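The opening residue of the sequence shown carries number 6 in the working numbering; numbering runs sequentially from there. Here a beta-carbon is modelled for each residue, glycine too, at the ideal position from N, C-alpha and C. Computed from a prediction, not measured in an experiment: that's the story for all the values here. Written out below as structure tokens is the structure these notes cover.
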Amino acid sequence: KATADGLRGLGEEAVVSLRSSIEDSKQKPLANLLIGLNIRHLGPSGAQALAESLGDLHRIRTASIDEMSSIDGVGSVIAESVTRWFNDPGHNDLIDRLIDAGVNTDGPAPSNEAQTLLGKVIVVTGTLEGWGRDDAEAAIVARGGKSPGSVSKKTTALVVGASPGASKLTKAEALGVPILDEASFARLLETGELVDPNGPGDSA
Numbered sequence: 006k007a008t009a010d011g012l013r014g015l016g017e018e019a020v021v022s023l024r025s026s027i028e029d030s031k032q033k034p035l036a037n038l039l040i041g042l043n044i045r046h047l048g049p050s051g052a053q054a055l056a057e058s059l060g061d062l063h064r065i066r067t068a069s070i071d072e073m074s075s076i077d078g079v080g081s082v083i084a085e086s087v088t089r090w091f092n093d094p095g096h097n098d099l100i101d102r103l104i105d106a107g108v109n110t111d112g113p114a115p116s117n118e119a120q121t122l123l124g125k126v127i128v129v130t131g132t133l134e135g136w137g138r139d140d141a142e143a144a145i146v147a148r149g150g151k152s153p154g155s156v157s158k159k160t161t162a163l164v165v166g167a168s169p170g171a172s173k174l175t176k177a178e179a180l181g182v183p184i185l186d187e188a189s190f191a192r193l194l195e196t197g198e199l200v201d202p203n204g205p206g207d208s209a
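Quick look at the structure:
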């Protein structure tokens, strides 16, 4: 009940998401909590960028729009939305209650992984046998890549598991974005090479 009052006024879906994030964030990365807050325009890639660049929840709460917008992967639209959210007194009260409930407020430690995906934008869709969605996205980010929630002309590759999102797959095909299976994804993480599962591999 530590967060009950702070949850008042939020929609049912937001409440469920936040309660789930409270439990997840006791052991999982700070980015998970940021995503669970349902801040407009803030997706997994932006949340990860904030957590990595600012280091902890206190810095994120108090950062200026200019400071946030200068972070690669954030930009002015996300920065304004996040700042507006944290400037709301009710939201700050909620955050205090979440902290009291024991959520993780620290950003990720510096990655020891080889930076094989620097400059690459990898989108994941569907269910991967060896990876949870959050784990796959974290693996991409840990190697220097970005993992947004949607396909665009900037996307380097789309990793497709079982039951993929039809819209992502269709858009990737229309844009000519390479489509990778799980084995090719593992190779990409290790070497940075894009390997077409239906043809010879190319070094990216």
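* Hey, how far is the Cα of Leu-193 from the Cα of His-96? -> On the sequence shown, position 188 is the one that residue 193 refers to. On the sequence shown, position 91 is the one that residue 96 refers to. Approximately 40 Å between the Cα atoms of the pair.
* Among Gly-41, Ala-68, Lys-33 and Gly-149, the one whose alpha carbon lies nearest that of Glu-195 -> In the sequence shown, counting from the first residue as 1, residue 195 sits at position 190. Ranking Gly-41, Ala-68, Lys-33 and Gly-149 by Cα distance to Glu-195 puts Gly-149 first.
* Does Leu-62 get closer than 8 Å to chain C when you measure Cβ to Cβ? -> Among the protein chains of the structure shown there is no chain C, as only one such chain exists.
* Asked: If you drop the 5 nearest sequence neighbours on each side, which residues of the same chain put their C-beta closer than 7 Å to that of Ala-68?
  -> The residue labelled residue 68 in the question sits at position 63 within the sequence shown. Hits under 7 Å: Leu-59.
* Identify, in the order they occur along the chain, each residue of the same chain with its Cβ nearer than 7 Å to the Cβ of Gly-3, setting aside the five sequence neighbours on each side. => Past the boundaries of the shown model lies residue 3; the chain is included only from 6 to 209, so the question cannot be answered.
* Asked: So, Val-128 versus Pro-169, is the Cβ gap smaller than 8 Å?
  -> Residue numbering aside, residue 128 sits at position 123 when the sequence shown is read from its first letter. Residue numbering aside, residue 169 sits at position 164 when the sequence shown is read from its first letter. No, they are not a contact pair.
* In the DSSP assignment, find the unbroken alpha helix (DSSP H) run with Val-165 in it and report its ends. => On the sequence shown, residue 165 is found 160 positions in, with the first residue counted as 1. From DSSP, Val-165 is part of no alpha helix (DSSP H) but of the beta strand (DSSP E) over 162-165.
* To do: Would you kindly work out how many angstroms separate the C-alpha atoms of Pro-113 and Ile-100, rounded to a whole number?
  => One-based indexing of the sequence shown puts residue 113 at position 108. One-based indexing of the sequence shown puts residue 100 at position 95. When rounded, the distance between both Cα atoms is 19 Å.
* Roughly how many angstroms separate the alpha carbons of Asp-186 and Lys-158, rounded to a whole number? -> Taking the first residue of the sequence shown as position 1, residue 186 is located at position 181. Taking the first residue of the sequence shown as position 1, residue 158 is located at position 153. So the two alpha carbons sit approximately 20 Å from each other.
* To do: Would you kindly work out how many angstroms separate the C-alpha atoms of Val-87 and Ile-65, rounded to a whole number?
  => By 1-based counting over the sequence shown, the position of residue 87 is 82. By 1-based counting over the sequence shown, the position of residue 65 is 60. Rounded to whole angstroms, Val-87 to Ile-65 spans 9 Å at the Cα level.
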